[in-house]
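Have a look at the structure below before the remarks.
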Amino acid sequence: MSLFSWRNSALPTFSRGGVHPDEHKELTEHLPIEDFIPTNVYLPVSQSLGASAEPLVAKAAKVKRGDVIAKVPGGVSLHAPVSGIVKGVATGPHASLVYDTVITIQVKPSEDDPQFPEQFGWQTLPVAQMLERIRDAGVVGLGGAAFPTYRKLSLPKDAKVDTLVINGSECEPYLTCDYRLMLEESEKVVLGSWLIARIIGVANCVIGVEDNKQPAAEKLRQTIAELGLDKMEPPVKMTVVVTQTRYPQGSEKQLVQSLTGRMVPKGGLPLAVGVVVQNVATAIACLDAIRNGKPVMERVVTVSGRGILSPKNLRVPIGTSVEDIIAHCGGYAGDVVKILLGGPMMGRTIADLDVSVTKGTSGLLFLTAAETSITHYQPCISCGECVDACPMGLEPNRVSQYMEVGRPLETLQFGVKECFECGCCSYSCPSHRPLVQFMQVAKAAYRRQERKTT
Amino acid sequence: MSEAEVTSPPTLHLSSGPHIASGRTTGQIMWMVNLSLLPALLWAWAVFGWPVLAVTASSILGCITAEYLACRIAKTESTVPDGSAFCSGLLLAFTLPPAIPIWMPFIGGVLAIVFTKAVFGGLGYNIFNVALVGRAMMMATFPVEMTTRWLTPALGNVDAVSSATVLAQIKLGGQEALNKILAAVPDGGHLWLDFFLGMRAGSVGEVSVLMIMLGAAFLFWKGIIKLYIPLSILVGVALMAPFSPAPTIYMLSGGIWLGAFFMATDYVTSPITPKGQIIFGLGIGLLTGIIRNWGGYPEGICYAIMLMNILTPALNDWFRPKRLTAGGAPS
Numbered sequence: 007m008s009l010f011s012w013r014n015s016a017l018p019t020f021s022r023g024g025v026h027p028d029e030h031k032e033l034t035e036h037l038p039i040e041d042f043i044p045t046n047v048y049l050p051v052s053q054s055l056g057a058s059a060e061p062l063v064a065k066a067a068k069v070k071r072g073d074v075i076a077k078v079p080g081g082v083s084l085h086a087p088v089s090g091i092v093k094g095v096a097t098g099p100h101a102s103l104v105y106d107t108v109i110t111i112q113v114k115p116s117e118d119d120p121q122f123p124e125q126f127g128w129q130t131l132p133v134a135q136m137l138e139r140i141r142d143a144g145v146v147g148l149g150g151a152a153f154p155t156y157r158k159l160s161l162p163k164d165a166k167v168d169t170l171v172i173n174g175s176e177c178e179p180y181l182t183c184d185y186r187l188m189l190e191e192s193e194k195v196v197l198g199s200w201l202i203a204r205i206i207g208v209a210n211c212v213i214g215v216e217d218n219k220q221p222a223a224e225k226l227r228q229t230i231a232e233l234g235l236d237k238m239e240p241p242v243k244m245t246v247v248v249t250q251t252r253y254p255q256g257s258e259k260q261l262v263q264s265l266t267g268r269m270v271p272k273g274g275l276p277l278a279v280g281v282v283v284q285n286v287a288t289a290i291a292c293l294d295a296i297r298n299g300k301p302v303m304e305r306v307v308t309v310s311g312r313g314i315l316s317p318k319n320l321r322v323p324i325g326t327s328v329e330d331i332i333a334h335c336g337g338y339a340g341d342v343v344k345i346l347l348g349g350p351m352m353g354r355t356i357a358d359l360d361v362s363v364t365k366g367t368s369g370l371l372f373l374t375a376a377e378t379s380i381t382h383y384q385p386c387i388s389c390g391e392c393v394d395a396c397p398m399g400l401e402p403n404r405v406s407q408y409m410e411v412g413r414p415l416e417t418l419q420f421g422v423k424e425c426f427e428c429g430c431c432s433y434s435c436p437s438h439r440p441l442v443q444f445m446q447v448a449k450a451a452y453r454r455q456e457r458k459t460t
Numbered sequence: 002m003s004e005a006e007v008t009s010p011p012t013l014h015l016s017s018g019p020h021i022a023s024g025r026t027t028g029q030i031m032w033m034v035n036l037s038l039l040p041a042l043l044w045a046w047a048v049f050g051w052p053v054l055a056v057t058a059s060s061i062l063g064c065i066t067a068e069y070l071a072c073r074i075a076k077t078e079s080t081v082p083d084g085s086a087f088c089s090g091l092l093l094a095f096t097l098p099p100a101i102p103i104w105m106p107f108i109g110g111v112l113a114i115v116f117t118k119a120v121f122g123g124l125g126y127n128i129f130n131v132a133l134v135g136r137a138m139m140m141a142t143f144p145v146e147m148t149t150r151w152l153t154p155a156l157g158n159v160d161a162v163s164s165a166t167v168l169a170q171i172k173l174g175g176q177e178a179l180n181k182i183l184a185a186v187p188d189g190g191h192l193w194l195d196f197f198l199g200m201r202a203g204s205v206g207e208v209s210v211l212m213i214m215l216g217a218a219f220l221f222w223k224g225i226i227k228l229y230i231p232l233s234i235l236v237g238v239a240l241m242a243p244f245s246p247a248p249t250i251y252m253l254s255g256g257i258w259l260g261a262f263f264m265a266t267d268y269v270t271s272p273i274t275p276k277g278q279i280i281f282g283l284g285i286g287l288l289t290g291i292i293r294n295w296g297g298y299p300e301g302i303c304y305a306i307m308l309m310n311i312l313t314p315a316l317n318d319w320f321r322p323k324r325l326t327a328g329g330a331p332s
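Next up, the structure:
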């Protein structure tokens with residue numbers, strides 16, 4: 007790593023591992039966000055991690071934009087992203103759960119649809135009320151993890167937090183939705199960040215942006231200067247830090263290390279070193295929730311890849327189907343062999359065009375055979391590329407060798423449980439070994455064992 | 002479900018991530034290693050003539066024949082195209098005297114692939130460096146031919162069969178032999194320069210330090226080899242140089258450079274972490290010195306590498322990558 011990493015060496019980055027895949031962002035980075043509203047939306051009730059939600063509407067019900075249509079008991083809600091008529095509540099496909107209860111709404115906008123104007127006195131709401139609004143608006147981590155935001159921001163009493171990190175890294179290739187948001191809605195990003203800083207009670211906020219998104223960093227700096235946040239009450243010192251373009255810069259532990267120099271302990275959260283991390287799109291959602299009482303009903307999705315005719319940054323209602331997006335983007339433009347939700351490093355493949363956009367869907371990629379890797383894998387040649395690439399210092403090679411001989415429960419020593427499946431190992435492997443998959447299967451074996459013993 | 006007329010592509014692949022790859026493949030790496038050995042081979046051809054190419058072809062043929070048959074017997078896809086057996090054959094040829102009878106390298110190649118690679122499970126599963134086991138088995142099987150069939154280097158005009166390499170002469174005759182050799186160097190010539198450029202009797206691919214360096218530089222530039230192993234071997238060998246009657250010649254001869262840059266860096270049989278690689282390299286260097294100065298062979302890097310190959314799994318266990326955790330600075 008060290009001999010040839012002279013490029014951008016002055017910029018901060020994380021201490022070990024990582025890769026730099028071809029970015030492919032040129033397909034969409036110049037394209038302003040476009041709105042698209044389909045004729046039907048298909049809403050799986052499970053939109054975030056944790057307990058599954060219960061539908062609150064039945065067939066033929068009339069819903070208005072922003073109505074709660076499903077709810078996790080004591081947790082985040084799912085709102086109707088559009089006004090219209092419920093055409094059905096039935097089992098349907100889900101991007102990661104395979105199947106889920108899906109509410110289908112036929113879109114019928116009307117004159118009296120709620121517009122969610124700015125509410126008076128939002129800046130001075132008590133923290134508890136702000137958190138309530140974030141929860142009631144169904145805000146989850148929009149970077150992809152979809153962890154309920156109110157839970158992440160409800161800090162334990164003894165927590166000592168001094169820094170808010172706003173994640174504008176968008177380190178996955180192809181994806182440009184966060185980049186466009188930072189450019190086009192920089193004011194909302196900054197105000198949202200200021201609100202989150204207020205909620206967790208810190209006076210220091212760092213926005214991390216990768217070097218390949220300089221215009222976004224510049225725009226944010228300008229906006230911060232214009233808004234004069236350090237003069238607001240309470241004052242927050244907000245800085246934009248440009249990091250090296252290096253995957254997985256946007257992973258929490260790596261980002262915290264790059265921006266603050268602090269190392270999150272093994273198995274711990276950034277909270278342990280006094281940091282809370284939120285994604286830029288999530289910051290905007292928090293602002294919408296607190297300032298306008300507006301729930302999460304739509305999101306920006308990067309539609310890209312060489313397999314789609316017109317790549318776009320699309321703002322779509324939650325529940326928009328893959329099929330409708332393909333039709334809206336002009337259809338296929340080549341031999342598509344993989345369709346992904348998310349980025350090419352950590353995204354999930356789908357085989358059913360009825361799958362729809364959920365709150366955590368950042369990208370919809372159509373990859374042709376030339377851009378993706380579909381091949382058989384070969385034996386490990388112990389080249390060590392995966393070990394060099396692993397940002398956590400794990401040994402994917404050893405895990406894979408143990409998995410091949412059917413010994414998943416001996417892989418803890420090589421760090422399986424610290425693996426967050428960024429994919430740097432498999433990406434680097436010249437033998438195309440599915441190292442992430444080996445890790446996943448090993449972790450599943452440990453989970454099974456834990457279930458048996460408890 | 003929707004009124005839009007969109008059908009699914011004919012074949013959609015499902016897999017866990019990542020869905021892109023760096024583009025480097027095992028076959029690519031192997032063929033680049035083969036390419037990097039070309040300068041040394043061409044040089045050997047220039048100074049020793051056609052026998053070089055015959056020996057090399059014979060050895061490669063032996064290796065890929067054995068590899069092909071092994072895959073057939075194991076009923077697996079042939080691994081000949083990945084270039085690893087070709088590479089073993091090429092490297093084995095590089096360790097042989099250029100005038101060795103033409104059928105011997107073939108036998109050596111077959112033995113190397115069968116007993117080092119095939120019986121262990123093929124590519125990735127071997128414990129020892131394939132080419133070096135081939136050489137060691139040939140030393141045991143054909144001891145006379147392996148130590149006497151040298152050619153005197155001559156650009157364009159090769160006929161003389163030389164009796165022994167300089168290292169072997171020094172091993173047998175000590176200081177006296179060295180003086181004789183030095184006296185035979187024509188006025189204005191330098192023995193060390195002959196060794197560096199490759200104007201000396203020696204094995205096919207190891208004679209020219211310069212050509213080996215060229216190939217190694219290419220591999221380093223392509224990111225295929227790292228320098229921890231070769232440099233620590235050279236340091237290890239240098240530490241033992243003072244015990245030799247001719248330290249400069251000692252450093253420039255006997256396949257140290259070929260071994261350090263091309264044999265010891267074999268991924269499968271060398272450790273993974275920098276610390277492990279440094280210990281591995283130093284071990285090879287010191288063992289080479291011990292074998293040469295006090296052992297029974299004029300050279301020694303072949304056995305030194307094989308001895309350290311045995312330690313590779315242990316070195317991988319002892320020197321692990323540093324985990325990214327609080328308190329510890331990652332390596």
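These protein sequences, in sequence, are chains A and B.
Numbering of the first sequence is given in the working numbering, commencing with residue 7 and proceeding in unit increments.
Numbering of the second sequence is given in the working numbering, commencing with residue 2 and proceeding in unit increments.
Glycine is no exception: its CB is placed at the ideal position from the N, C-alpha and C atoms.
Keep in mind it's a predicted model, so treat the numbers as computed, not measured.
Rounded to whole angstroms, the separation of the alpha carbons of A:ALA287 and B:GLY284 is 55 Å. DSSP, read as helix, strand or coil, puts A:GLU216 in strand. Using a Cβ distance threshold of 7 Å, A:PRO301 and A:HIS100 do not count as a contacting pair.
Contact annotation for B:VAL269 against chain A: ILE387, SER388 [CB-CB distance below 8 Å, chain order]. When the five nearest sequence neighbours on each side are left out, the beta carbons in the same chain lying within less than 6 Å of the beta carbon of A:THR417 are those of VAL405, TYR408, ALA448, in order along the chain. Taking C-beta atoms as the reference points, A:ALA451 and A:LEU415 count as a pair closer than 7 Å. DSSP places A:SER368 outside both helix and strand once states are collapsed to three, so it counts as coil. Non-local C-beta neighbours of B:ASN35 in its own chain, meaning closer than 7 Å and more than five positions away in sequence, comprise GLY84, PHE87, CYS88, LEU91, ordered along the chain. Going by beta carbons, B:GLY216 and B:LEU38 fall inside the 7 Å limit. Counting only residues of its own chain and dropping the five nearest sequence neighbours on each side, B:VAL238 has a CB closer than 7 Å to the CB of MET252, ILE257, GLY286, THR289, GLY290.
Neighbours of A:LYS449 in chain B, taken as residues at a C-beta separation under 9 Å, are lacking, since the least C-beta distance is about 12 Å. For A:GLU239, the closest C-alpha among the options A:THR155, A:GLY267, A:THR378, A:LEU131 is that of A:LEU131. Using a CB distance cut-off of 7 Å, A:PRO414 does not count as an interface residue toward chain B. Counting C-beta atoms within 10 angstroms of its own C-beta, B:THR166 has 16 or more neighbours from the protein chains shown and is therefore classed as buried.
Our two residues, B:SER59 and B:ALA315, have alpha carbons roughly 35 Å apart in a direct line. Closer than 7 Å to the CB of A:ALA376 there is not a single CB belonging to chain B. In the three-state DSSP reduction, A:ILE111 falls in the strand class (E or B).
Per the C-alpha coordinates, the member of A:LEU441, A:LEU197, A:GLN129, A:ASN210 positioned closest to A:GLU232 is A:LEU197. For B:VAL7, the closest Cβ of chain A is nearer than 7 Å. Annotation for A:TYR48: no alpha helix (DSSP H) segment contains it, though the beta strand (DSSP E) segment containing it runs 46 to 50.
The Cβ-Cβ distance between B:THR27 and A:SER437 falls below 7 Å. The three-state reading of DSSP puts A:LYS93 in strand, counting E and B together. Along the stretch 207 to 239 of chain B, there is no position whose C-beta sits under 7 Å from a C-beta of chain A. Within chain A, no C-beta atom comes less than 8 Å from the C-beta of B:LEU179; the nearest is roughly 39 Å away. Take the alpha-carbon of B:MET307 and the one of B:GLN29: they are about 26 Å apart.
Contact residues of the stretch 37 to 68 of chain B toward chain A are absent (C-beta to C-beta distance below 7 Å).
For a Cβ distance threshold of 9 Å, residue set PRO385 of chain A lies close to B:GLY123, ordered along the chain. Distances from the CA of A:THR251 to each of A:PRO120, A:GLU178, A:GLY274, A:PRO276 were compared; the closest alpha carbon is that of A:GLU178. Contacts between A:GLN443 and chain B, judged by CB atoms closer than 7 Å, involve SER17 in chain order. With a minimum length of 3 residues, the unbroken runs of beta strand (DSSP E) contained wholly in the stretch 287 to 339 of chain A fall at 304 to 310, 318 to 323.
With distances taken between CA atoms, A:LYS163 lies nearest to A:GLY207 out of A:GLY207, A:ALA16, A:ASP184.
Per DSSP, the beta-bridge partners of A:ARG354 are A:LEU347.
The CB of A:ILE332 comes closer than 7 Å to the CB of VAL7 in chain B, given here in chain order. Exclusion of the five residues before and after A:GLU329 leaves LEU359 as the residues of its chain whose Cβ lies within less than 6 Å of its Cβ. Each of A:LEU17, A:ARG22, A:ALA16 was checked against the Cα of A:CYS396, and the nearest Cα belongs to A:ARG22. The three-state secondary structure of A:ALA101, taken from DSSP, is coil.
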